[in-house]
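Student: Counting from 1, one number per residue, gives the positions in the sequence shown under the UniProt record's numbering.
Structure incoming, see below.
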Amino acid sequence: MLFKQQVLLRQKLFVLGSLAIGSLLYLVARVGTLDRLQPICPIENRVAPPGLADQISLRTLQYKRSLLHELRKGNATKEQIRLHNLVQQLPRAIIIGVRKGGTRALLEMLNLHPAVVKASQEIHFFDNDQNYARGIDWYRGKMPFSFPHQITIEKSPAYFITEEVPERIFKMNSSIKLLIIVREPTTRAVSDYTQVLEGKERKNKTYHKFEKLAIDTNTCEVNTKYKAVRTSIYTKHLERWLKYFPVEQFHIVDGDRLITDPLPELQLVERFLNLPSRISQYNLYFNATRGFYCLRFNIVFSKCLAGSKGRTHPEVDPAVVAKLRKFFHPFNQKFYQIIGRTFNWP
Ligand code: A3P
């Protein structure tokens, strides 16, 4: 009897021991693969992690971020909000457009800065009459919680092209900073088309080819009634904004460069927003699988943008591309003149 109990006990100990060793091995393997789980980045982009001072602030930031995250999910108590002196602030800067310029990438990348808190959703306060009628307190209520020293940024790309928006934003804050991210106009128009096409395909609907929409078949000229074309005439929209805001209140981001080499563009934005330069190459790594830069917040948390960003564009008849580029050329020249910056657009 005693012998049987001893055998049973030994068997139990063996099972428990195996489980413990197994768990330990699993943990070691996880830690070991952490590095390997990070997407591969080219050698030139592999930068040493930040120094001790930065690590400390990153840790604080990590804590703050998780607190802000809980708040966003509605999990924080009123006591926590009061204790940490958290507030919902109106945006001090808005990414007003342009649709398909890279507005999401810009917002997410700026959010890497410890002094920036993004409004995750597009709020559409100034371009949607129903929302606008809800008043400024409704708008403020849509803003994320932040610490008083931080600045809130929201993005709603439709603001740039909507008639009423400049006056409405001016009435809220006449000294607000306005960010516009642009891409080569024809590429942006095709990107715009691709997004609509994908929406139609999802609903099993057919859609015209880009060429048919962009060129008026009667005149064989560029169809300026087509929204994707109109949106790419940046100067026309900017001129409306300039009736309310001086040009110094705008900063134009090169969306094509944000794709290929984001850091210099982000550093220009930091300067425009009067923020200390805090976003570094460490925060951005090229993900070869995605074909885009992704974001690294710290040693454990990194993310890429959703799959809806960076779609494959359909092939467009080169003659139509050439026609569009010729059409946009004079508008682009005017745009450069106004903003005092040129881009490598044809
Ligand atoms: P495409 O899908 O045409 O490639 P928006 O956020 O304004 O809708 O812009 C979407 C565009 O952001 C994408 O257009 C993509 O090219 C661009 N983009 C810029 N940086 C990106 C990044 N790091 N990851 C994914 N897309 C990025």
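Glycine included, each C-beta is placed from N, C-alpha and C at the ideal position.
Shorter than 7 Å, the distance from the beta carbon of residue 309 to the closest heavy atom of the ligand A3P, or not?
Tutor: yes
Student: Pop quiz: residue 101 and residue 230 are said to be a contact at Cβ under 8 Å. What is the actual Cβ separation, rounded to whole angstroms?
Tutor: Residue 101 to residue 230, Cβ: 15 Å. No contact.
Student: Where does residue 150 land, buried or exposed, given buried means 16+ other C-beta within 10 angstroms?
Tutor: buried
Student: How is the beta strand (DSSP E) around residue 287 delimited, first residue to last?
Tutor: 284-287
Student: Contact between the segment 107-121 and the segment 143-160: three or more CB pairs below 8 Å?
Tutor: The segment 107-121, when compared against the segment 143-160, does touch it at the 8 Å Cβ threshold.
Student: Within 8 Å, do at least three Cβ pairs link the segment 208-222 to the segment 164-174?
Tutor: no
Student: Say the cut is 7 Å; is the CB of residue 259 nearer than that to a heavy atom of the ligand A3P?
Tutor: yes
Student: Given the structure, does residue 289 come close to the ligand A3P, in the sense that its CB is under 7 Å from one of the ligand's heavy atoms?
Tutor: no
Student: Mind checking who residue 97 pairs with in its DSSP beta bridge?
Tutor: 180
Student: Residue 215 to residue 321, Cα distance in whole Å?
Tutor: Going from the Cα of residue 215 to the Cα of residue 321 covers about 10 Å.
Student: Is there at least one non-hydrogen atom of the ligand A3P closer than 7 Å to the beta-carbon of residue 323?
Tutor: no
Student: Hey, is residue 125 close to the ligand A3P, as in C-beta under 7 Å from one of its heavy atoms?
Tutor: no
Student: Confirm the yes/no value for this check: CB of residue 140, any heavy atom of the ligand SAM, distance under 7 Å.
Tutor: Absence of the ligand SAM from the depicted structure is noted, with the ligand A3P being the only ligands included.
Student: Whole angstroms are fine: how far does the CA of residue 299 sit from the CA of residue 24?
Tutor: With a pLDDT of 37 at residue 24, under the threshold of 50, the modelled position of this residue cannot be trusted; read the value that follows with caution. Their backbone Cα atoms lie some 22 Å apart in a straight line.
Student: Per DSSP, residue 293 forms a beta bridge with which residues?
Tutor: 286
Student: Which whole runs of the beta strand (DSSP E) in the segment 226-314 are 3 residues long or more, in chain order?
Tutor: 250-254, 284-287, 292-296
Student: If I measure Cβ to Cβ from residue 261 and keep anything under 8 Å in the same chain, skipping five residues before and after, which residues do I get?
Tutor: none
Student: Excluding the 5 residues preceding and the 5 following residue 347 in the sequence, name in chain order all residues of the same chain whose CB lies nearer than 8 Å to its CB.
Tutor: This structure cannot settle anything about residue 347, because the visible part of the chain is limited to 1 through 346.
Student: If we ignore side chains and look at the alpha-carbon of each, how far apart do residue 327 and residue 222 end up?
Tutor: 7 Å
Student: With a threshold of 7 Å, establish whether the CB of residue 313 neighbours any heavy atom of the ligand A3P.
Tutor: yes
Student: Comparing the CB of residue 292 with every heavy atom of the ligand A3P, is any distance shorter than 7 Å?
Tutor: yes
Student: How do the segment 123-135 and the segment 187-205 stand: do at least 3 beta-carbon pairs fall below 8 Å, yes or no?
Tutor: no
Student: Ignore the nearest five residues each way along the sequence and tell me which others in residue 192's own chain have a CB closer than 7 Å to its CB.
Tutor: 99, 100, 228, 231
Student: With DSSP collapsed to three states, give me the class of residue 59.
Tutor: Annotation note: pLDDT 47 at residue 59 (below 50); position unreliable, no value reported.
Student: Going by C-alpha to C-alpha distance, which of 88, 307, 196 sits closest to residue 226?
Tutor: Comparing Cα positions, the closest option is 196.
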